[in-house]
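**Q** Quick note on my numbering: the first sequence kicks off at 18 and runs consecutively. Using N, Cα and C, we set each Cβ at its ideal position, and we do this for glycine too. Quick caveat, the model's predicted, so the values are computed rather than measured.
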Amino acid sequence: MTSTAALTPRQVSSIRRALLAWGDKYTQDFPWREARDPYAALVAAVCSQQTQMERVLPLWERWMAAFPTLEAAAAADTAELLRVWAGAGYPRRALAIREAARRCSAQHDGALPRDPIALLALPGVGPFTAAIVRCFGWADDAAAIDTNVVRVLGRLVHGDLQPALETRPRDLIETAERLLPPGAAGRWNAMLMDYGARVCTPRPHCEQCVVARLCPARPRFAAGASAEPVRAQPRFQGSVRQWRGRVLRALREASGAVRVASLVRTLAADDAEASTVREVLAKLCAEGLAWSHRGTCGLGDRPESRSATLESTAVKGDSR
DNA sequence: AATACGGGGGG
DNA sequence: CCCCCAGTATT
Numbered sequence: 018m019t020s021t022a023a024l025t026p027r028q029v030s031s032i033r034r035a036l037l038a039w040g041d042k043y044t045q046d047f048p049w050r051e052a053r054d055p056y057a058a059l060v061a062a063v064c065s066q067q068t069q070m071e072r073v074l075p076l077w078e079r080w081m082a083a084f085p086t087l088e089a090a091a092a093a094d095t096a097e098l099l100r101v102w103a104g105a106g107y108p109r110r111a112l113a114i115r116e117a118a119r120r121c122s123a124q125h126d127g128a129l130p131r132d133p134i135a136l137l138a139l140p141g142v143g144p145f146t147a148a149i150v151r152c153f154g155w156a157d158d159a160a161a162i163d164t165n166v167v168r169v170l171g172r173l174v175h176g177d178l179q180p181a182l183e184t185r186p187r188d189l190i191e192t193a194e195r196l197l198p199p200g201a202a203g204r205w206n207a208m209l210m211d212y213g214a215r216v217c218t219p220r221p222h223c224e225q226c227v228v229a230r231l232c233p234a235r236p237r238f239a240a241g242a243s244a245e246p247v248r249a250q251p252r253f254q255g256s257v258r259q260w261r262g263r264v265l266r267a268l269r270e271a272s273g274a275v276r277v278a279s280l281v282r283t284l285a286a287d288d289a290e291a292s293t294v295r296e297v298l299a300k301l302c303a304e305g306l307a308w309s310h311r312g313t314c315g316l317g318d319r320p321e322s323r324s325a326t327l328e329s330t331a332v333k334g335d336s337r
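Structure (structure tokens):
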């Protein structure tokens, strides 16, 4: 049942009314929703990527306390920013926020752009994050489509049990934009995401659903149909991802530079693991998350050494 | 179109 | 142990 269902105006208003009423009772309020601050919204959106909301609020608060403005984010020290991000996963997101801030300073007069195309050009900003910045930052009518919204609309409008697998993205965008109540995008998006997180979950709670009578997927669930897993996920235990996390954590918890040999000895139990640790460290360095030089390494950027300073001074002196 | 990318919460 | 998460970038 993946064809585009044409929503009648009557259905649109019926769905809006029921869901907005649910939202007014149950939507959680987060500080970035009312702030009308594009930067606060950007940070919240990036923090939210592939991360449960219970973990996002403290992360967002730490980040905003450390880097309250776009300007502060642009100037953030790598090691400090990674310590603020500690344990949240996907640390490249933290670098992306800083890089986005720097580009705003260089190309957008020090402010986040309001134009969706310009937003999408920023690192770490995809369709979801751009929509969050627009609807919470400026109250623009942008539909934020995350995994929750995909599920809710894919079921309610397209009748699919597992919309992430079945519903065509283009159809979901069209549906989301059609349903979005003009002038209430922030409230609507927040409600819809919460609805997918609390009611229309992977194994849905149809008995609590305020639009169950309108939902073509409901009878299929009632008949005992079950949703297939969204996708088989690679094992985390023993993965490179896990090793990256371990190496980064070790560097974070060290006060400064660490001997590479010592890092390897601490983390690796055998030669194979030792190789893995070295490879992972090299990759982290290439990504700007760590540094390594002449047998020592550390979090973030390599500190200026005395000789490097003298050298650069000498070069400057020579060049004039 | 697939895969890489952290880490934790919940069934 | 497996599934999932307010996604995005890269191949």
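1. If L280 and A299 are in contact, beta carbons under 8 Å, what's the gap, nearest whole angstrom?
2. For I162 versus F145, is the C-beta spacing smaller than 8 Å?
3. Sorry if obvious, but does the Cβ on V264 come closer than 7 Å to a heavy atom of the ligand FMN?
4. Helix, strand or coil for V275 per DSSP?
5. Give me the Cβ distance between T313 and V275, rounded to the nearest whole Å; I'm assuming they're in contact under 8 Å.
6. What's the C-alpha gap between R120 and G127?
7. Run through DSSP, which three-state label would S65 get?
8. Do you know offhand how far P186's Cα is from S309's?
9. In angstroms, rounded to a whole number, what distance separates the CA positions of L139 and A118?
10. Relative to the C-alpha of A62, which candidate in N206, R172, A234 and R215 has its C-alpha closest?
11. Apart from the five residues just before and just after W102, which ones in its own chain have a Cβ nearer than 6 Å to its Cβ?
12. Could you spell out the range, first to last residue, of the alpha helix (DSSP H) harbouring A147?
13. Using a Cβ-Cβ cutoff of less than 8 Å, which residues in the same chain neighbour T223 once the five nearest sequence positions on both sides are dropped?
14. Identify whether S309 lies in helix, strand or coil by the three-state DSSP scheme.
15. Excluding the five sequence neighbours on either side, which residues of its own chain have a C-beta within less than 8 Å of the C-beta of E51, listed in chain order?
16. By alpha-carbon positions, which one of T218, Q69 and C152 ends up nearest to R172?
17. Ignore the nearest five residues each way along the sequence and tell me which others in G273's own chain have a CB closer than 7 Å to its CB.
18. I'd like to know if the stretch 173-193 and the stretch 147-163 are in contact, where contact means that at least 3 CB-CB pairs between them fall below 8 Å.
19. Can you tell me where the alpha helix (DSSP H) holding S256 begins and where it ends?
20. Could you give the first and the last residue of the continuous alpha helix (DSSP H) run that contains D209?
21. Helix or strand or just coil, what does DSSP make of G315?
22. Looking only at C-alpha atoms, which of F47, L170 and D177 sits nearest to A242?
23. Could you give the first and the last residue of the continuous alpha helix (DSSP H) run that contains Q28?
24. For D54, count neighbouring C-beta atoms within 10 Å of its own C-beta (all shown protein chains included) and say buried if the count is 16 or more, exposed if not.
25. Helix, strand or coil: how does DSSP classify F153 here?
26. Can you look up Y56 in the DSSP assignment and give me helix, strand or coil?
27. Put V174 into one of helix, strand or coil per three-state DSSP.
28. Whole angstroms are fine: how far does the CA of A123 sit from the CA of A285?
29. Report back the beta-carbon spacing between V169 and Y212 to the nearest angstrom; my notes put them in contact at under 8 Å.
30. Could you give the first and the last residue of the continuous alpha helix (DSSP H) run that contains P119?
31. My guess is that L76 and A35 are in contact by the Cβ rule of under 8 Å, so how many angstroms apart are they, rounded?
**A** A quick look at the data gives this:
1. Wrong, their Cβ atoms sit about 12 Å apart, outside the cutoff.
2. yes
3. Although the ligand FMN was asked about, the structure shown includes no ligands whatsoever.
4. strand
5. 7 Å
6. 8 Å
7. helix
8. 43 Å
9. 9 Å
10. N206
11. P108 and A111
12. P144 to I149
13. First, the amino acid is wrong: residue 223 is Cys here, not Thr. Only A229, C232, R235, F238 and A239 meet the Cβ criterion.
14. strand
15. none
16. T218
17. G315
18. yes
19. S256 -> no alpha helix (DSSP H), and no H or E assigned at all.
20. First, the residue type needs correcting, since residue 209 is Leu and not Asp in the sequence shown. Looking at the DSSP string, the run of the alpha helix (DSSP H) that includes L209 is A202 to R215.
21. strand
22. D177
23. P26 to Y43
24. buried
25. helix
26. helix
27. coil
28. 43 Å
29. 6 Å
30. Contrary to the premise, residue 119 reads as Arg rather than Pro in this sequence. From DSSP, the alpha helix (DSSP H) with R119 extends over R109 to Q124.
31. That pair is no contact at about 33 Å.
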